[in-house]
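Written out below as structure tokens is the structure these notes cover.
Number of protein chains: 4
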Amino acid sequence: MSTNRLEAFSDGVLAVAITLLVLNVKVPRPTVSHDLANQLANNWPEYAAYVTSFITIGIIWINHHAMIGRLRRADHAILFWNLLLLMSVGILPFATSLMATYLRQGHGQQHLAAAIYSGSFLVMSLAFSALNRQILLVKPDRLETELPEERRREIFKRAVTGIAPYVIAIAVAWLSAYASLAICAAVAAYYALPRASSSEG
Amino acid sequence: MSTNRLEAFSDGVLAVAITLLVLNVKVPRPTVSHDLANQLANNWPEYAAYVTSFITIGIIWINHHAMIGRLRRADHAILFWNLLLLMSVGILPFATSLMATYLRQGHGQQHLAAAIYSGSFLVMSLAFSALNRQILLVKPDRLETELPEERRREIFKRAVTGIAPYVIAIAVAWLSAYASLAICAAVAAYYALPRASSSEG
Amino acid sequence: MSTNRLEAFSDGVLAVAITLLVLNVKVPRPTVSHDLANQLANNWPEYAAYVTSFITIGIIWINHHAMIGRLRRADHAILFWNLLLLMSVGILPFATSLMATYLRQGHGQQHLAAAIYSGSFLVMSLAFSALNRQILLVKPDRLETELPEERRREIFKRAVTGIAPYVIAIAVAWLSAYASLAICAAVAAYYALPRASSSEG
Amino acid sequence: MSTNRLEAFSDGVLAVAITLLVLNVKVPRPTVSHDLANQLANNWPEYAAYVTSFITIGIIWINHHAMIGRLRRADHAILFWNLLLLMSVGILPFATSLMATYLRQGHGQQHLAAAIYSGSFLVMSLAFSALNRQILLVKPDRLETELPEERRREIFKRAVTGIAPYVIAIAVAWLSAYASLAICAAVAAYYALPRASSSEG
Numbered sequence: 511m512s513t514n515r516l517e518a519f520s521d522g523v524l525a526v527a528i529t530l531l532v533l534n535v536k537v538p539r540p541t542v543s544h545d546l547a548n549q550l551a552n553n554w555p556e557y558a559a560y561v562t563s564f565i566t567i568g569i570i571w572i573n574h575h576a577m578i579g580r581l582r583r584a585d586h587a588i589l590f591w592n593l594l595l596l597m598s599v600g601i602l603p604f605a606t607s608l609m610a611t612y613l614r615q616g617h618g619q620q621h622l623a624a625a626i627y628s629g630s631f632l633v634m635s636l637a638f639s640a641l642n643r644q645i646l647l648v649k650p651d652r653l654e655t656e657l658p659e660e661r662r663r664e665i666f667k668r669a670v671t672g673i674a675p676y677v678i679a680i681a682v683a684w685l686s687a688y689a690s691l692a693i694c695a696a697v698a699a700y701y702a703l704p705r706a707s708s709s710e711g
Numbered sequence: 511m512s513t514n515r516l517e518a519f520s521d522g523v524l525a526v527a528i529t530l531l532v533l534n535v536k537v538p539r540p541t542v543s544h545d546l547a548n549q550l551a552n553n554w555p556e557y558a559a560y561v562t563s564f565i566t567i568g569i570i571w572i573n574h575h576a577m578i579g580r581l582r583r584a585d586h587a588i589l590f591w592n593l594l595l596l597m598s599v600g601i602l603p604f605a606t607s608l609m610a611t612y613l614r615q616g617h618g619q620q621h622l623a624a625a626i627y628s629g630s631f632l633v634m635s636l637a638f639s640a641l642n643r644q645i646l647l648v649k650p651d652r653l654e655t656e657l658p659e660e661r662r663r664e665i666f667k668r669a670v671t672g673i674a675p676y677v678i679a680i681a682v683a684w685l686s687a688y689a690s691l692a693i694c695a696a697v698a699a700y701y702a703l704p705r706a707s708s709s710e711g
Numbered sequence: 511m512s513t514n515r516l517e518a519f520s521d522g523v524l525a526v527a528i529t530l531l532v533l534n535v536k537v538p539r540p541t542v543s544h545d546l547a548n549q550l551a552n553n554w555p556e557y558a559a560y561v562t563s564f565i566t567i568g569i570i571w572i573n574h575h576a577m578i579g580r581l582r583r584a585d586h587a588i589l590f591w592n593l594l595l596l597m598s599v600g601i602l603p604f605a606t607s608l609m610a611t612y613l614r615q616g617h618g619q620q621h622l623a624a625a626i627y628s629g630s631f632l633v634m635s636l637a638f639s640a641l642n643r644q645i646l647l648v649k650p651d652r653l654e655t656e657l658p659e660e661r662r663r664e665i666f667k668r669a670v671t672g673i674a675p676y677v678i679a680i681a682v683a684w685l686s687a688y689a690s691l692a693i694c695a696a697v698a699a700y701y702a703l704p705r706a707s708s709s710e711g
Numbered sequence: 511m512s513t514n515r516l517e518a519f520s521d522g523v524l525a526v527a528i529t530l531l532v533l534n535v536k537v538p539r540p541t542v543s544h545d546l547a548n549q550l551a552n553n554w555p556e557y558a559a560y561v562t563s564f565i566t567i568g569i570i571w572i573n574h575h576a577m578i579g580r581l582r583r584a585d586h587a588i589l590f591w592n593l594l595l596l597m598s599v600g601i602l603p604f605a606t607s608l609m610a611t612y613l614r615q616g617h618g619q620q621h622l623a624a625a626i627y628s629g630s631f632l633v634m635s636l637a638f639s640a641l642n643r644q645i646l647l648v649k650p651d652r653l654e655t656e657l658p659e660e661r662r663r664e665i666f667k668r669a670v671t672g673i674a675p676y677v678i679a680i681a682v683a684w685l686s687a688y689a690s691l692a693i694c695a696a697v698a699a700y701y702a703l704p705r706a707s708s709s710e711g
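Chains as they are written, first to last, in the numbering used here: chain A, 511 to 711; chain B, 511 to 711; chain C, 511 to 711; chain D, 511 to 711.
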């Protein structure tokens, strides 16, 4: 299978998932007694989770593009791992909503919600690493341009490194759900912000 | 009509339908008395139905790509059958939600829900077979490369074989909704998992 | 503006709108006293409206493709009319839901709902005709291949003819909402079904 | 990164966001005592906000296309600002729903809602200007065709001018939410309507 339609379908799923996140940002019900400003302020976990998830999916899209761009042709195994990656991204609107809901009014259940939220990012990272491994190490003959094994291992290692902070975020979730969200947000900011030193981007 | 825009539109509908499935995975309402872990565990039919439907639509996308890739030009009949296929995929988020809702709290109605769920997959398979038939057998002169009739019949037969398990799943639904879901999940896993023997994928 | 991205964006909006229709097909709430089969049977207006709207958007997509395919370049006026067409398609999930809701439990209000439903199709047809007029008659120099005026008027006339049944459907809505829906469904079926005589499609 | 997939992903997000707006147009609940025509008439803020947001996103799409069309290659900074632009568009369905809800039944809170609504358009304009600045002024060597600095500053100035009315709309929101919405609608109409003088569009 050519990679064109693989990219088109993946772009579609990522674009829909990233845009569906807005459905979790709820409009406060109008009431006589409540103040809209207060209600919106109380909903800050929804906005924090929205921004974190939006940027994270955006980064996955950028990296996915770079990775598939290296590929000449896709085979069944690559389609399989790509589908798992898309499924892990597809579930993020649910995990984001879970996190935001329980961070706001959790009755002490926000630890589990935060662990599931960072856990979703972990699964996404694992699927992305598995897809990377399939492309770079298992069947490097499908690459567009030949890369020396050393360079391929280096790219793969960089993808795998992205897993670590999410493991930490899951562990931290049991101490503080807020700290767990902060770690996920920091990872998103780290990868998203343009770096001073990067000449290439 | 060239097949480019047919693919683009079909990819769009499949990508949206596969991503909308997440809207059926509900965040449990926070309560003082209930435990989130328990509530999530009770919702397992939602996750099982999500994964099954996601992978099934993913497989349809892969097969759709292979089929349209064989086509040089589309005519009205092909557009018609393709639209029916897309409509049957478009309804899957409803069927998935119906299945998950009634498997969890069905008051004995889950048999009908499971029959409708596997019935939706059956309709999707039938539409896919009809589209295949139109392309491979009715107007083979529209194919990109000429294929001997024997080979065309073989490809068509393989598409039709995919119908059988769904007929069984509908029948089994009246005995056990869980078994019916398990059959649909098994079909998805069978087609999705990379095969050891496949050199091509 | 080249027509490539115009097509891509239009395909995206049409694909999302056609797939969002499923959100109006509601899963009946599980209850001890009600029978699922009965509840689903009572919801038939949802399925009828779903199928009618799905096929109608599908036909608009096919015609849109044919029309834009004739175009070499788009200008501001074409983008404007195209945006109006997309807006009229974008509102269809609302009109479909309105129709289905009031046909089922309308307390005598289903006449207005049916008039709005066929009215949405009328607006869509008018926007499509205006776009056609702009492309075929106002600025024919932007066409991909030169067409004699007679032929251009003929194509335009065919597009305009599609308006008539929706005017009738609005009028009929005040007598019977069911008859109005039936007219809209008949129009969809007429344009969708492959014709015996069509060698081209 | 080539601009092809950047356009494809951006088109996807814009197409989904523009189509999701319809989810905020609510079907009035059928009741015995209420008249559907009255209920729909009372919901006019939903339709006004829908049309305003739809056209505004449509204009952003047209301008986004023109801007990216000037670009030869994208770097990390461009991807970053583009992601911020998409995030600001992605939140519009929420802001639109907030505006419509509080304009209708706001208990005096509609001023804040209108300020947030025009504020969202302001953020979108700022992100669009920042992206423009990055492309036209910071790294003009990535442009498809070389443009004299004067011309680049002119295009950038035009993009920045679009910011002003939204600043005014935010200020006006505290006097009248209706006037604020009217300003946003007027901006959309001004940019969308084909101009008599435009030979190019």
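Beta carbons: idealized from backbone N, C-alpha and C, even for Gly.
Predicted model, so just to flag it, every value in this text is computed and none were measured.
- Between Val523/C and Leu596/C the beta-carbon gap is near 5 Å, inside 8 Å, which marks them as a contact.
- Around the CB of Glu556/B, 16 or more other CB atoms lie within 10 Å, so the residue is classed as buried.
- Assignment of beta-bridge partners to Ser512/C by DSSP yields Arg583/C.
- Glu654/A counts as exposed, since fewer than 16 other beta carbons sit within 10 angstroms of its beta carbon.
- For Gly568/A, no Cβ of chain B is located within less than 8 Å of the residue's own Cβ.
- Interface residue (Cβ-Cβ distance to chain C less than 8 Å): Leu550/B is not classified as such.
- With respect to the 8 Å criterion, Ser628/A and Leu602/A are not classified as neighbours on the basis of their beta carbons.
- Within the same chain, Arg662, Phe666 come within 7 Å of Leu647/A by CB-CB distance, once the 5 residues on both sides are set aside.
- Leu632/A is a Cβ neighbour of Tyr676/A, given a cutoff of 8 Å.
- Thr562/B and Thr611/B have their C-alpha atoms spaced approximately 15 Å apart.
- For Ala551/A, the closest C-alpha among the options Ala525/A, Ala587/A, Pro538/A is that of Pro538/A.
- Here Tyr701/A has Ile569 as same chain residues with Cβ atoms under 7 Å from its own Cβ, once five neighbours each way along the sequence are excluded.
- In terms of beta-carbon proximity, Leu691/A stays away from the interface with chain D, with every pair separated by 8 Å or more.
- The alpha-carbon of Ser607/B is positioned some 15 Å away from that of Ile567/B.
- Interface criterion not met: the Cβ of Gly618/C is under 8 Å from no Cβ in chain B.
- Taking C-beta separations shorter than 7 Å and ignoring five residues to either side along the sequence, the partners of Ala687/B in its chain run Leu613, Gln620, His621, Ala623, Ala624, following chain order.
- Under a criterion of Cβ atoms nearer than 8 Å, the residues of chain B adjacent to Ala518/C are, in order, Ala518.
- Listed by position along chain D, the residues whose Cβ is nearer than 9 Å to that of Trp554/A form an empty set, because the closest Cβ is around 14 Å away.
- Excluding the 5 residues flanking it on each side, Ile528/D has same chain C-beta neighbours closer than 7 Å at Phe564, Ile567, Gly568, in chain order.
- Contiguous alpha helix (DSSP H) elements confined to the region 644-701 of chain C occur at 659-671, 674-683, taking only those with 4 or more residues.
- In terms of CA proximity to Ala558/B, Met609/B leads the group Gly579/B, Val526/B, Met609/B.
- For Arg614/C, the enclosing alpha helix (DSSP H) stretches over residues 602-615.
- The beta carbon of Ile645/D does not come within 8 Å of any beta carbon belonging to chain C, so the residue lies off that interface.
- Looking only at Ala679/B, Phe604/B, Asp585/B, Val599/B, the smallest Cα-Cα distance to Arg652/B is reached by Asp585/B.
- Contact of Thr529/C with chain B is assigned, a C-beta pair being separated by under 8 Å.
- With contacts defined as CB atoms closer than 8 Å, Ser639/C and Val599/C fail to qualify as a contacting pair.
- Between the C-alpha atoms of Met577/A and Leu533/A there is a straight-line separation of about 30 Å.
- Arg515/A places its beta carbon 8 Å or farther from that of His617/B.
- In the three-state reduction of the DSSP assignment, Thr541/C falls in the coil class, being assigned neither a helical nor a strand state.
- In the displayed model, Gln620/D falls within a helix according to three-state DSSP.
- Counting only the Cα atoms, Asn553/C lies some 46 Å from Leu589/D.
- The Cβ of Ala669/A sits no closer than 8 Å to any Cβ of chain D.
- Counting C-beta atoms within 10 angstroms of its own C-beta, Ala696/C has fewer than 16 neighbours from the protein chains shown and is therefore classed as exposed.
- Neighbours of Gly600/C in chain D, taken as residues at a C-beta separation under 8 Å, are given in chain order as Ile528, Thr529, Leu531, Val532, Phe564.
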